[in-house]
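Asks:
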Amino acid sequence: MYRLLIVDDEELITDGLFDVFSRLMPDKLDVYKAYSGKEALEWMARTRIDIILTDISMPGLSGLELIDEVQGLWPHCKVVFLTGYDNFDYVYRAIQMNNVKYLLKTEGYDKVIETIKTIVDELDNAPIDEQALQLTEEEKYAYELMAQSDFMRHVLQKSKTVCSDVNSLAQEFGQVNIPLDSSEEVYLVLGSLTYPKNKTYTEQTQILNYVRTKWERHFSKQIKSISIVDRYGGLVWFIQTYEGKQPNSERLPDFLEGSLEIIQDECLKFFNLTIQFTLSSGLTNWQSVSSKYASLRQLQQLKLDTRYPSIIKEYHHNKDQSIDGLHSTPKMDILTAHLSANRKEDFFAEFSDLTESLEEASYHQITEVYYSIALVLYVAISQNNLQHRVSDFDKLLKIDRHDSFRSSIQYLEHVADQVFNVKETDDQDRSSKVIDRVCHYIQNHLHEDLSLVRLAEIHYFNPSYLSHLFKQEKGINLSEYIDRYRIRQAKKYLKDPSLKIRDVSERVGYHSAHSFTRFFKKMTGNTPKEYRESL
4 MYRLLIVDDE
14 ELITDGLFDV
24 FSRLMPDKLD
34 VYKAYSGKEA
44 LEWMARTRID
54 IILTDISMPG
64 LSGLELIDEV
74 QGLWPHCKVV
84 FLTGYDNFDY
94 VYRAIQMNNV
104 KYLLKTEGYD
114 KVIETIKTIV
124 DELDNAPIDE
134 QALQLTEEEK
144 YAYELMAQSD
154 FMRHVLQKSK
164 TVCSDVNSLA
174 QEFGQVNIPL
184 DSSEEVYLVL
194 GSLTYPKNKT
204 YTEQTQILNY
214 VRTKWERHFS
224 KQIKSISIVD
234 RYGGLVWFIQ
244 TYEGKQPNSE
254 RLPDFLEGSL
264 EIIQDECLKF
274 FNLTIQFTLS
284 SGLTNWQSVS
294 SKYASLRQLQ
304 QLKLDTRYPS
314 IIKEYHHNKD
324 QSIDGLHSTP
334 KMDILTAHLS
344 ANRKEDFFAE
354 FSDLTESLEE
364 ASYHQITEVY
374 YSIALVLYVA
384 ISQNNLQHRV
394 SDFDKLLKID
404 RHDSFRSSIQ
414 YLEHVADQVF
424 NVKETDDQDR
434 SSKVIDRVCH
444 YIQNHLHEDL
454 SLVRLAEIHY
464 FNPSYLSHLF
474 KQEKGINLSE
484 YIDRYRIRQA
494 KKYLKDPSLK
504 IRDVSERVGY
514 HSAHSFTRFF
524 KKMTGNTPKE
534 YRESL
């Protein structure tokens, strides 16, 4: 939706244009009016304006002076100058400005309407700003690094789904120039940095970038790799070897261990920085990256002594131990995030990943996973006061109340489903209550400012979101609702012979009797006087 501001010191023209455009494209235009340049600037300070239709010659702040101010506030705002006479000096100055059109009032409403429609079409079909896409080499490199990091963090969290298709993964790698092969297994290394005390965030970032640069200089000729910063502020490297070159995949752990000691020594010497590296036991396929990362992070936490540089190596585990990563904190954090954001499908996909391998797990592991998930659900239920709206809530933290492993998992799934359903219902109820409050405000303040911006300010919403929410809840546009209520109230007041038509117009929000008459006739087919006489 675009915002159109109509500015003219002649109230008759301003009100007439306002009435026309308020009904012309209610789904496209949110229309405002001002009777002076100063009042127009007040609107501009309150909200973004996309199109201005303004008289070019006004007392006080002229249209030209107004647009000088506007282009500083909203440089992409489109301007249509409207004037009653053809003054060369005004026209010449107007055509020197960007995004400006010039119309004579004598050209009539049809020409003005056609011009505004054309501008709306231009805004709808505006091409991508090619100049904005032209980046310097440094900017391109910075954006590429950001894109690489974002995608690899996505892989780290949801590798089972993100990496399920080799070809799609290869395409993703290619789009952001990730130098790894989606069809080959990958090796992981974690780095935990312990910064000296009193280092600022900027200084810590500089040190972290030094470590990444040092890695790149050390290893770029021997191995392919990419690094990211994980949510804990640590480094994660994804590594593959070059075909036919040393080190091969078997020698990679030993090669890394020897080389990483050099990086540790240099960081300790130059920055008093302690780094602990955690090395994977071997290669892993892309779909297992999340569980491998969780396992390495768990190992890192168990063995971490931040006083000294160290290199921790993972060793091959038996089948029973390999499930340990399932109940890791990162996995639970992901479940919590999906539950908080009402991402039901993502939640249950993650839930399945966590539980499908438990058939092979020990009783202790099953118990730990159960209580980890149960705790996520318990917190969500408590925070939203849903204890009495979830069936069998008392069983949530009691695994012994379930007949079997399978029934306990089905129970958790059922509880999660109830939480999502109740939250969805509550969200809908909240939306309905908000719109009910808006309607109540409109009904009790019909003679005041009922612009979308004002209503949004009062109810602490973004104007566009409020407009969308109102249409979703009521099935009609906000402006249409206001018009209907105004007509209903106007008809009620017109039945009272003691009220003059001017009094009626002011009560329903029209300070100009002429504008009210035009509005009433457009909505009912009769003027207020004709309607009153027909009673």
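Numbering-wise (my numbering), the sequence shown opens with residue 4 and increments by one.
Glycine included, every Cβ here is placed at the ideal spot set by N, Cα and C.
1) Helix, strand or coil: which one does DSSP assign to residue 454?
2) Do the stretch 262-282 and the stretch 140-157 meet, that is, are 3 or more Cβ pairs less than 8 Å apart?
3) Where DSSP assigns a beta bridge to residue 248, which residues make up the other side?
4) For residue 202, which of helix, strand or coil comes out of DSSP?
5) Can you name the start and end residues of the alpha helix (DSSP H) that residue 66 belongs to?
6) Compute the Euclidean distance between the alpha carbons of residue 536 and residue 503, then round it to the nearest angstrom.
7) With a threshold of 16 other CB atoms inside 10 Å of the CB of residue 538, please say whether the residue is buried or exposed.
8) Could I get the ranges of all uninterrupted alpha helix (DSSP H) runs contained in the stretch 346-428, with 4 residues as the minimum, in chain order?
9) Determine contact between the stretch 249-260 and the stretch 211-221, defined as no fewer than three beta-carbon pairs at a distance below 8 Å.
10) For residue 281, report the span of its beta strand (DSSP E) as first-last.
11) Relative to the alpha-carbon of residue 455, which residue among 273, 474, 481 has its alpha-carbon at the smallest distance?
12) If you check the beta carbons only, do residue 227 and residue 183 fall under 7 Å apart?
13) Output the residue ranges of the alpha helix (DSSP H) runs that lie fully inside the stretch 445-509 and measure 4 residues or longer, sorted by chain position.
14) Leaving out the 5 sequence neighbours to the left and right, which residues in its chain are closer than 7 Å to residue 176 when beta-carbon positions are compared?
15) Going by C-alpha to C-alpha distance, which of 192, 35, 170 sits closest to residue 257?
16) Tell me the DSSP secondary structure of residue 316 in three-state form.
17) Could you tell me the boundaries of the beta strand (DSSP E) in which residue 37 lies?
18) Between the alpha carbons of residue 318 and residue 303, how many angstroms are there, rounded?
19) Report, in whole angstroms, the separation of the C-beta atoms of residue 561 and residue 22, which I expect to be a contact under 8 Å.
20) Would you tell me roughly how many angstroms separate the C-alpha atoms of residue 476 and residue 398, rounded to the nearest one?
21) Would you identify the three-state DSSP class for residue 53, choosing helix, strand or coil?
22) From the DSSP output, in three-state form, read off residue 59 for me.
23) Between the stretch 6-13 and the stretch 51-67, are three or more C-beta pairs nearer than 8 Å?
24) For the stretch 337-355 and the stretch 373-388, state whether three or more C-beta atom pairs, one from each stretch, are separated by less than 8 Å.
25) Which stretch, first to last residue, makes up the alpha helix (DSSP H) that contains residue 524?
26) Grouping DSSP H, G and I as helix and E and B as strand, with all else coil, what is residue 530?
27) Could you tell me the distance, in whole angstroms, from the CA atom of residue 246 to the CA atom of residue 187?
28) Would you identify the three-state DSSP class for residue 186, choosing helix, strand or coil?
29) State the DSSP-derived secondary structure class of residue 299, mapped to helix, strand or coil.
30) Under the DSSP definition of a beta bridge, which residues are partnered with residue 239?
31) By Cβ distance below 7 Å, which residues in the same chain neighbour residue 426 in space, the five residues on each side in sequence not counted?
32) Within its chain, find whatever has a CB closer than 6 Å to the CB of residue 18; leave out the 5 residues flanking it on each side and keep chain order.
33) Is residue 451 buried or exposed, if buried means 16 or more other CB atoms sit within 10 Å of its CB?
34) On a Cα-Cα basis, can you pick out the residue from 74, 119, 77, 71 that is closest to residue 85?
35) Helix or strand or just coil, what does DSSP make of residue 538?
36) Would you tell me roughly how many angstroms separate the C-alpha atoms of residue 161 and residue 419, rounded to the nearest one?
Replies: Judging by the given coordinates:
1) It is coil, neither helix nor strand.
2) Too few Cβ pairs lie closer than 8 Å, so no.
3) Residue 248 is bridged by DSSP to nothing; it lacks a bridge partner.
4) Residue 202 falls in the coil class under three-state DSSP.
5) Note, residue 66: alpha helix (DSSP H), 66-76.
6) Each residue's alpha carbon lies about 13 Å from the other.
7) Label assigned to residue 538: exposed.
8) Complete alpha helix (DSSP H) runs here, min 4: 347-358, 366-386.
9) With a cut-off of 8 Å, the stretch 211-221 and the stretch 249-260 do not count as touching, because too few Cβ pairs lie within range.
10) That run of the beta strand (DSSP E) goes 277-282.
11) Closest by alpha carbon: 481.
12) The answer is yes: Cβ separation under 7 Å.
13) The DSSP assignment places complete alpha helix (DSSP H) segments of no fewer than 4 residues inside the stretch 445-509 at 455-461, 466-477, 481-497, in order along the chain.
14) These residues qualify, in order along the chain: 183, 185.
15) Here the closest residue by C-alpha is 192.
16) Residue 316: strand per DSSP, three-state reduction.
17) 32-37 is the extent of the beta strand (DSSP E) around residue 37.
18) So the two alpha carbons sit approximately 13 Å from each other.
19) There is no way to answer for residue 561, as the model of the chain reaches only from 4 to 538.
20) If you draw a straight line from the Cα of residue 476 to the Cα of residue 398, it is about 37 Å long.
21) In the structure shown, residue 53 falls within a coil segment according to DSSP collapsed to helix, strand and coil.
22) Residue 59 carries a coil assignment under DSSP once its states are collapsed to helix, strand and coil.
23) Using a C-beta cut-off of 8 Å, the stretch 6-13 makes contact with the stretch 51-67, since at least three inter-stretch Cβ pairs fall below that distance.
24) Enough Cβ pairs lie closer than 8 Å, so yes.
25) Boundaries of the alpha helix (DSSP H) harbouring residue 524: 516-527, taken from the DSSP string.
26) Here DSSP, grouped into helix, strand and coil, assigns residue 530 to coil.
27) One C-alpha to the other measures close to 11 Å.
28) Coil.
29) Look at residue 299 here: in three-state DSSP terms it is helix.
30) Among the bridge pairs identified by DSSP, residue 239 is matched with 193, 231.
31) Apart from sequence neighbours up to five positions away, the residues of its chain that approach residue 426 with a beta-carbon distance below 7 Å are 345, 387, ordered along the chain.
32) Taking residue 18 as the centre and dropping the five residues before and after it, the same chain places the C-beta of 515, 518 closer than 6 Å to its C-beta, in chain order.
33) Residue 451 is classed as exposed because its beta carbon has fewer than 16 other beta carbons within 10 Å across all chains shown.
34) Cα-wise, what sits closest to residue 85 is 119.
35) DSSP places residue 538 in the coil class of the three-state scheme, outside both helix and strand.
36) So the alpha carbons of these two residues sit roughly 20 Å apart.
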